[in-house]
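J.:
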Amino acid sequence: MKSRTHTPRSVQRRWLVPACAVVALLAAACGGREESGGGSGGGDSTTTTPAATQVANPADCPNYAGTTGADGATIKIGQTLPQSGTFKVFEKVKVGITAYFGFANAGGGVQSKQLELISLDDAYLPERSRANAETLTQTDGVFALLGNVGTENNKQIQQYFAETQQCVPNLGVATGFPGFGDPTNDPWIINGLPNYGLESVAFVDYLKQNQPQAKVALLSQNDSFGESYVSAFKKAIEGTEITVVGEQTFDPRSESNPQGQVTSLASSGADALLLGVTSVPCPTALKSIKDSGWKPVSLYVTLTCSSKILMDIAGDAAEGTISTRATYDPSDPGSASEPSVQQFRTEGPKYGLAPEDLDDLNVAAGWNLGAYLVQLLKASPELDRAAVMNTAYSQSGVNFGMNLEGIEWTTNGAEDPFGYEQLQFVTRTGGKWVPQGELTNYSGQLADQGGG
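Quick note, the sequence shown lines up with residues 359 to 810 if you use this note's numbering.
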């Protein structure tokens with residue numbers, strides 16, 4: 359049965375709210391910087407979007423319908439993500455987007471149009487994502503898609519659009535797959551997470567500084583998600599004394615506990631581990647590692663595994679793990695004074711967020727995605743599908759939402775298709791993520807990872 363969520367088209371509030379905007383899965387709310395722009399949820403700290411780089415050309419689209427879903431009183435936005443099954447934790451992304459749309463609508467929406475979200479359940483099954491994309495575009499008539507979860511899932515969506523020659527924006531996809539940073543070949547999709555390859559490069563940098571002769575084990579999903587981490591890691595260690603001594607994969611759709619793979623890697627002699635895994639299998643793997651008695655000196659978990667829900671499942675098995683972040687964590691007491699965090703925690707409950715949602719990075723990520731969309735639509739010269747995509751690939755130096763101070767979201771077509779190029783390390787200490795050092799800037803180092 360299809361699960362549908364519609365955000366309220368009107369909200370009975372008379373005040374205007376500060377402007378704000380965001381992009382990221384696993385982050386949250388509205389900015390702590392000087393922000394420009396009026397109305398609800400639309401400003402950013404620099405507003406330096408240049409003349410749009412043309413990556414999306416309506417002439418390439420048979421039967422182009424650029425204003426479908428945005429030519430009435432509402433702007434219809436579609437989404438497909440798991441709302442059941444092993445990966446149900448990502449349903450919370452929908453909750454965050456819904457809340458942000460309510461927040462934005464209360465301030466007048468976009469060009470006086472109300473935002474409406476239609477979200478369908480795909481249980482993390484790529485074939486269902488494809489079917490949902492068909493329903494959202496052919497039956498519901500959405501203007502664009504936002505925050506679709508999963509690499510293989512988005513591959514199926516883009517394949518469907520290519521086969522049917524549809525030109526529909528797939529914005530802020532909840533994956534950092536490098537292949538979605540290729541606007542020359544597919545200008546209708548853009549990532550909403552840091553490039554997965556960038557995380558691997560960052561982990562290698564960490565090892566070079568802290569464990570330069572590390573013997574590394576690689577445990578990953580046997581899909582594009584896992585392979586992105588593995589291939590980037592192997593490339594990044596070239597010319598170093600870091601070696602890979604063990605490698606195991608598993609199928610996340612049929613195996614929820616990679617215990618056998620952990621046992622094999624524990625006997626490999628590895629003293630470091632890259633865990634290229636997401637959702638429930640990630641904390642399950644951490645528990646298996648702890649139970650096995652294996653104690654890698656350095657253990658990296660993906661940004662997508664770092665949410666409070668998944669870390670709570672892992673419990674003390676997550677203690678000492680390493681990850682990276684590009685945004686503030688709303689559950690972190692150290693970030694409580696950030697205006698962006700305060701706004702998320704204050705305004706979110708007015709639009710449906712429960713107390714437990716306020717500590718959930720997936721909810722915060724959805725809030726961010728909603729804010730990202732609003733600032734993007736406001737920056738676009740018109741509410742037209744191609745104009746929005748070209749604007750998405752032409753943003754310069756914007757810091758929005760709960761992005762860390764110093765993050766500058768910049769895209770420039772095929773030359774620089776990934777907005778996130780700065781990361782900060784965090785370690786799991788006392789059940790919390792604790793920041794380590796300053797932001798590291800990887801600008802210009804993504805060419806070998808599918809981005810500029």
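We put the CB at the ideal spot given by N, CA and C, even for glycine. Quick caveat, the model's predicted, so the values are computed rather than measured.
Pick helix, strand or coil for PRO440, following the three-state DSSP scheme.
T.: The answer is coil: DSSP assigns PRO440 none of H, G, I, E or B.
J.: Among VAL588, ALA628, SER612 and LEU565, whose alpha-carbon lies nearest the alpha-carbon of THR598?
T.: Closest option to THR598, Cα to Cα, is LEU565.
J.: Note the first and the last residue of the continuous alpha helix (DSSP H) segment covering ILE600.
T.: Where ILE600 is concerned, there is no enclosing alpha helix (DSSP H), given that its DSSP letter is neither H nor E.
J.: Thinking SER637 and THR509 are a contact (beta carbons under 8 Å), I'd like their distance in whole angstroms, please.
T.: Rounded, the Cβ-Cβ distance is 13 Å, inconsistent with contact.
J.: Please go through the stretch 600-684 and give each complete beta strand (DSSP E) segment of 3 or more residues, from N-terminal end onward.
T.: For the stretch 600-684, whole beta strand (DSSP E) runs of length 3 or above, ordered along the chain, are 601-608, 630-634, 656-659 and 680-683.
J.: Would you kindly work out how many angstroms separate the C-alpha atoms of LEU719 and ASP742, rounded to a whole number?
T.: Cα-Cα distance, rounded: 31 Å.
J.: At the level of alpha carbons, what is the spacing between GLU585 and VAL602?
T.: So the two alpha carbons sit approximately 15 Å from each other.
J.: Specify the secondary structure class of THR533 as computed by DSSP and reduced to three states.
T.: Three-state result, THR533: coil.
J.: Per DSSP, what kind of secondary structure is PRO570 in: helix, strand or coil?
T.: PRO570: coil per DSSP, three-state reduction.
J.: Taking buried to mean at least 16 other C-beta atoms within 10 Å of its own C-beta, is GLN370 buried or exposed?
T.: Residue placement at GLN370 is poorly supported in this model, since its pLDDT is 27, which falls under 50; the coordinates are not used for a value here.
J.: Indicate whether the contact test is met: 3 or more Cβ pairs, each with one atom in the stretch 445-460 and one in the stretch 718-732, closer than 8 Å.
T.: Taking 8 Å as the limit for Cβ pairs, the verdict is that the stretch 718-732 does touch the stretch 445-460.
J.: With three or more beta-carbon pairs closer than 8 Å as the criterion, would you say the stretch 474-494 touches the stretch 757-772?
T.: The stretch 474-494 vs the stretch 757-772: no contact.
J.: State whether the stretch 620-631 contacts the stretch 525-539, with contact taken as three or more CB pairs (one from each stretch) at a distance under 8 Å.
T.: Segments in contact, no.
J.: Does the distance from the CB of LEU899 to the CB of ILE455 come in under 8 Å?
T.: Past the boundaries of the shown model lies residue 899; the chain is included only from 359 to 810, so the question cannot be answered.
J.: Between VAL380 and LEU762, what straight-line distance do the alpha-carbon atoms span, to the nearest angstrom?
T.: Only weak support is given to the placement of VAL380: the predicted model assigns it a pLDDT of 30, under 50, and the value that follows is read from those uncertain coordinates. Near 11 Å, if we compare the C-alpha coordinates of LEU762 and VAL380.
J.: Could you round the C-beta distance between ILE671 and PRO641 to whole angstroms and report it? I think they count as a contact, below 8 Å.
T.: Right, their Cβ atoms sit about 4 Å apart.
J.: At what residues does the beta strand (DSSP E) containing SER487 begin and finish?
T.: Counting along the chain, SER487 falls outside any beta strand (DSSP E), though it belongs to the alpha helix (DSSP H) covering 484-492.
J.: Check ALA385 in the structure and name its three-state DSSP category.
T.: Residue confidence for ALA385 is low, a pLDDT of 35 falling below 50, so the modelled location carries little weight; the figure read from the coordinates is stated next. Coil, per DSSP.
J.: Can you give me the start and stop residues for the beta strand (DSSP E) that ASN549 sits inside?
T.: Taken as a continuous stretch (DSSP letters only), the beta strand (DSSP E) holding ASN549 covers 547-549.
J.: Short check: CB of VAL559 to CB of ALA520, under 8 Å?
T.: Not a contact, by the Cβ cut-off of 8 Å.
J.: Starting from THR425, follow the alpha helix (DSSP H) in both directions and report where the run begins and ends.
T.: Where THR425 is concerned, there is no enclosing alpha helix (DSSP H), given that its DSSP letter is neither H nor E.
J.: Over what stretch of residues does the beta strand (DSSP E) that includes ALA502 continue unbroken?
T.: 502-504 is the extent of the beta strand (DSSP E) around ALA502.
J.: Where ALA643 and THR425 are concerned, what is the direct C-alpha to C-alpha distance, given to the nearest angstrom?
T.: Their backbone Cα atoms lie some 46 Å apart in a straight line.
J.: Would you call the CB atoms of ALA575 and ALA628 closer than 8 Å?
T.: Contact flag set, yes.
J.: For a test of the three-state rule: what should DSSP assign to VAL526, helix, strand or coil?
T.: Coil, per DSSP.
J.: Apart from the five residues just before and just after VAL588, which ones in its own chain have a Cβ nearer than 7 Å to its Cβ?
T.: Hits under 7 Å: LEU576, SER578 and GLY634.
J.: Which stretch, first to last residue, makes up the beta strand (DSSP E) that contains ILE515?
T.: Run containing ILE515: none in the beta strand (DSSP E); it sits in the alpha helix (DSSP H), 509-521.
J.: Can you tell me the Cα-Cα spacing of SER814 and GLY505, whole angstroms?
T.: Any answer about residue 814 is impossible in this case: the structure gives the chain only from 359 up to 810.
J.: Buried or exposed: which applies to VAL792, given that a residue is buried once 16 or more other Cβ atoms fall within 10 Å of its Cβ?
T.: Counting Cβ neighbours within 10 Å, VAL792 comes out exposed, since fewer than 16 surround it.
J.: Would you identify the three-state DSSP class for GLY555, choosing helix, strand or coil?
T.: In the structure shown, GLY555 sits in a helix (DSSP, three-state: H, G or I).
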